[in-house]
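Here's the structure, in structure tokens; my notes come after.
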Amino acid sequence: MKLNEFTIKEARKKLDDGEITSVELAKACLARIKEANKKLNACLTVCEKEALKEAEAADKKIKKGEKGMLLGIPYLAKDNILTSGVKTTAASKILENYVAPYDATIIKKIKNAGAVLLGKTNLDEFAHGASTENSAFGATRNPYDLERVPGGSSGGSAAAVAADMCIFALGTDTGGSIRQPASFCGVVGLKPTYGRASRFGLIAMTSSTDVPGPITKTAADAKIILEIISGVDKNDSTAVKAPSSANQHKIPSGVNGLTIGLPKEYFIDGIDKRVKEAIENAIEKFKKMGAEFKEVSLPTTKYGIGVYYIITPSEVSSNLARFDGIRYGYSEQRNGSAEDLFSIYSKSRGSGFGPEAKRRIMLGTYALSAGYYDAYYLKAQKVRTLIKEEMDNIFEEVDCLLTPVSPHPAFKIGENSSDPLKMYLEDIFVTGASLAGLPAVSVPCGYDNGLPVGMQLIGKRFDEEILFRISEAYEAETGWSKTKKLKI
Amino acid sequence: MSLSKQQIEHIAKLARLDLTDDELNKYGGELSRILNYIDQLKEVDTEGVEPTAQVTGMENIFREDEVKYWDKEEIKAALKDAPELEDNQVKVRRILD
Numbered sequence: 003m004k005l006n007e008f009t010i011k012e013a014r015k016k017l018d019d020g021e022i023t024s025v026e027l028a029k030a031c032l033a034r035i036k037e038a039n040k041k042l043n044a045c046l047t048v049c050e051k052e053a054l055k056e057a058e059a060a061d062k063k064i065k066k067g068e069k070g071m072l073l074g075i076p077y078l079a080k081d082n083i084l085t086s087g088v089k090t091t092a093a094s095k096i097l098e099n100y101v102a103p104y105d106a107t108i109i110k111k112i113k114n115a116g117a118v119l120l121g122k123t124n125l126d127e128f129a130h131g132a133s134t135e136n137s138a139f140g141a142t143r144n145p146y147d148l149e150r151v152p153g154g155s156s157g158g159s160a161a162a163v164a165a166d167m168c169i170f171a172l173g174t175d176t177g178g179s180i181r182q183p184a185s186f187c188g189v190v191g192l193k194p195t196y197g198r199a200s201r202f203g204l205i206a207m208t209s210s211t212d213v214p215g216p217i218t219k220t221a222a223d224a225k226i227i228l229e230i231i232s233g234v235d236k237n238d239s240t241a242v243k244a245p246s247s248a249n250q251h252k253i254p255s256g257v258n259g260l261t262i263g264l265p266k267e268y269f270i271d272g273i274d275k276r277v278k279e280a281i282e283n284a285i286e287k288f289k290k291m292g293a294e295f296k297e298v299s300l301p302t303t304k305y306g307i308g309v310y311y312i313i314t315p316s317e318v319s320s321n322l323a324r325f326d327g328i329r330y331g332y333s334e335q336r337n338g339s340a341e342d343l344f345s346i347y348s349k350s351r352g353s354g355f356g357p358e359a360k361r362r363i364m365l366g367t368y369a370l371s372a373g374y375y376d377a378y379y380l381k382a383q384k385v386r387t388l389i390k391e392e393m394d395n396i397f398e399e400v401d402c403l404l405t406p407v408s409p410h411p412a413f414k415i416g417e418n419s420s421d422p423l424k425m426y427l428e429d430i431f432v433t434g435a436s437l438a439g440l441p442a443v444s445v446p447c448g449y450d451n452g453l454p455v456g457m458q459l460i461g462k463r464f465d466e467e468i469l470f471r472i473s474e475a476y477e478a479e480t481g482w483s484k485t486k487k488l489k490i
Numbered sequence: 014m015s016l017s018k019q020q021i022e023h024i025a026k027l028a029r030l031d032l033t034d035d036e037l038n039k040y041g042g043e044l045s046r047i048l049n050y051i052d053q054l055k056e057v058d059t060e061g062v063e064p065t066a067q068v069t070g071m072e073n074i075f076r077e078d079e080v081k082y083w084d085k086e087e088i089k090a091a092l093k094d095a096p097e098l099e100d101n102q103v104k105v106r107r108i109l110d
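Residue numbers (the numbering used here), protein chains in the order written: chain H, 3 to 490; chain S, 14 to 110.
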């Protein structure tokens, strides 16, 4: 087994036992990045020199007997998470040369835990998309089939973890952007509860649903990262301490006796046959492990996409107003072609933003404009209330929900890119948990013609614990994480 | 519903986006299609339902309004990306004529 193929837990043990060094581990990952990135385009920036320096420092600390869960573990971060001194582009031309003057809170926490930053990963520009094709710096490819997308928007992070270019990666999830690429790339992707981890230093997209989270090789690794990035932050007042009652269940441990809900609106016609089979096999496996299943109904599910594509563009149009060519980023003021203030704004934004960012800014501006606010934005917020209440209430009946992540495995590059509405419908099973702010995880559960299939587990607010409990038991039983057959 | 070219131009102006004619045409069609899909929300009965702007249920959180001093390096790093500086301040074009 190559060093870069280790999970966090495996690497931790080898580092602590003195069998390997952090420098060796970082070098193995960097070598794999060099080899695989030409084909995958998963990394936008690789900071080899800085990484090796950090790894050397970690090795010294380990030698001195210092402990830390991530001490000396190399990772990659999605390029919409600010890293002091290392470029953060959001995969947009408007931030092509932007270097943040500070670290995001989660980067600071990961750094304090000793992890080594290898570089930054590709995404759909400003995290707008479900395929990573919307990057201004070229699409990322799926390591299981180079003609296919890795999903998105955290496609670079998911592809990099699947291809063992790092030990773990960070992503962000606004309406499926961690879970869907994790499912397309056969890795574990956790979207924590909204408010579990600080958003400070994430390039804001939809502030009411954005959450950072881990993309890892196992559920146990995701749990390690969540513990480190969680917690209150004076710079993000929506980050809160989880109530201690959140993870209490009648069954205190194991899967035997748990009740898992199957929302019938997530098991509809049009789901790929083999995806359905993989999910059904997982359900059978859980039944053998003693879990009970209950069909439940979430009738407002069908309005999720409609609500999401009003609320998201509205918040996007507001959040992206800061890119105005005045303080940082691409600016027409630099080349003197724009004379007055209005032209600096409109020309910098017109040249700097890509097509999907512009589309969402336009849609959001319209939905928030005078005369349309009530019909679109306010209406969507009210339907959001119904979606949230319905999902919250379901956890009176069940311990968690199980659904497919996506109706099909990874699609071909270019297949959906000419039809924005079709691309939006990709999010059908993942927007609900985002709009309700609930934790959800994508866990590999099989293959469809060699392409990974993921199942989604959704828990009640702040109950990531049940998701880890079930995913870890499932991994131990099936061993999917050890079965991958990459094309690279 | 279908958006006219005039409406699209108006939205682009509100959004401070300089768009080409091709872009105006393209977004006009695409936005109309997306809005038609979103119109399904009209069928949901939301009588008496409160809107959800955020899911935490939290109320305003206040902090002291105090000046925090940055060191020279931090100030340099923050100003480094601005297109035009004068006396260590970001220079902008005239706002009022």
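The beta carbon of each residue, even a glycine, is placed where N, CA and C say it ideally should be.
- Straight-line spacing of the CA atoms in Phe170/H and Thr107/H works out to 18 Å.
- For Ala60/H, the enclosing alpha helix (DSSP H) stretches over residues 50 to 65.
- Annotation note: the segment 162 to 207 of chain H contains the following uninterrupted alpha helix (DSSP H) runs of length 4 or greater, listed N- to C-terminal: 181 to 187.
- For Glu99/S, the secondary structure class from DSSP, reduced to helix, strand or coil, is strand.
- The C-beta of Glu72/S comes no closer than 8 Å to any C-beta of chain H.
- A direct Cα-to-Cα measurement between Ile74/S and Arg29/S gives close to 32 Å.
- Residues of chain S with a Cβ closer than 8 Å to the Cβ of Met364/H are, in chain order, Ile21, Ile24, Ala25, Ala28, Leu30, Tyr40, Leu44.
- Interface residue (Cβ-Cβ distance to chain H less than 8 Å): Leu98/S is not classified as such.
- In the same chain as Tyr368/H, and ignoring 5 residues on each side of it, the C-beta atoms closer than 7 Å to its own belong to Tyr374, in chain order.
- When DSSP states are grouped into helix, strand and coil, Thr387/H belongs to the helix group.
- Using beta-carbon distances, Gly308/H counts as an interface residue toward chain S, with a partner under 8 Å.
- Glu50/H and Gly121/H have their C-alpha atoms some 8 Å from each other.
- One finds Glu87, Ala90, Ala91 in chain S with Cβ atoms closer than 7 Å to the Cβ of Pro103/H, taken in chain order.
- The alpha-carbon separation between Ile35/H and Phe295/H amounts to approximately 42 Å.
- Residue range 442 to 450 is occupied by the beta strand (DSSP E) that includes Ser444/H, with no alpha helix (DSSP H) assigned at that position.
- Among the residues of chain S, those whose CB is under 8 Å from the CB of Ser319/H are Ala28, following chain order.
- Rounded to the nearest angstrom, the gap between the Cα atoms of Ala115/H and Leu228/H is 12 Å.
- When 8 Å is used as the limit between beta carbons, Ser239/H is near these residues of chain S: Met71, Ile74, in chain order.
- Assignment of Glu297/H by DSSP, reduced to helix, strand and coil, places it in the strand class.
- Within 7 Å of the CB of Gln335/H, the CB atoms of chain S belong to Pro96, Glu97, in sequence order along the chain.
- Of the other Cβ atoms in all chains shown, 16 or more fall within 10 Å of the Cβ of Lys390/H; this residue is therefore buried.
- Using beta-carbon distances, Tyr82/S does not count as an interface residue toward chain H, since no partner is under 8 Å.
- Pro216/H is bridged by DSSP to Leu172/H.
- The Cβ-Cβ distance between Lys111/H and Ile231/H falls below 8 Å.
- Chain-order list of chain S residues neighbouring Asp342/H: Arg106, by C-beta distance under 7 Å.
- In this structure, Ala359/H lies near Ser94/H, with their beta-carbon atoms less than 8 Å apart.
- Ser137/H is classed as buried because its beta carbon has at least 16 other beta carbons within 10 Å across all chains shown.
- A contact is defined here as three or more CB-CB pairs under 8 Å, and the segment 157 to 174 of chain H meets this definition with respect to the segment 39 to 46 of chain H.
- Going by DSSP, Gln458/H is part of the beta strand (DSSP E) stretching over 453 to 460.
- If you ignore the 5 residues before and after Ala184/H, its C-beta comes within less than 7 Å of the C-beta of Ala160, Val190, Gly191, Ile217, Ser444, Gly456, all in its own chain and listed in chain order.
- Secondary structure within the segment 387 to 432 of chain H: the beta strand (DSSP E) runs of 3 or more consecutive residues, fully enclosed, are 402 to 406 (chain order).
- Look at Ala206/H: its C-beta is not under 8 Å from any C-beta on chain S.
- Taking the Cα positions, Pro76/H is about 14 Å away from Lys4/H.
- With a contact defined as Cβ atoms closer than 8 Å, Pro315/H and Leu365/H qualify at about 4 Å.
- For Gln53/S, the closest Cβ of chain H is nearer than 8 Å.
- Two segments are said to touch when three or more pairs of C-beta atoms, one from each, lie closer than 8 Å; by this definition the segment 478 to 485 of chain H does not touch the segment 312 to 332 of chain H.
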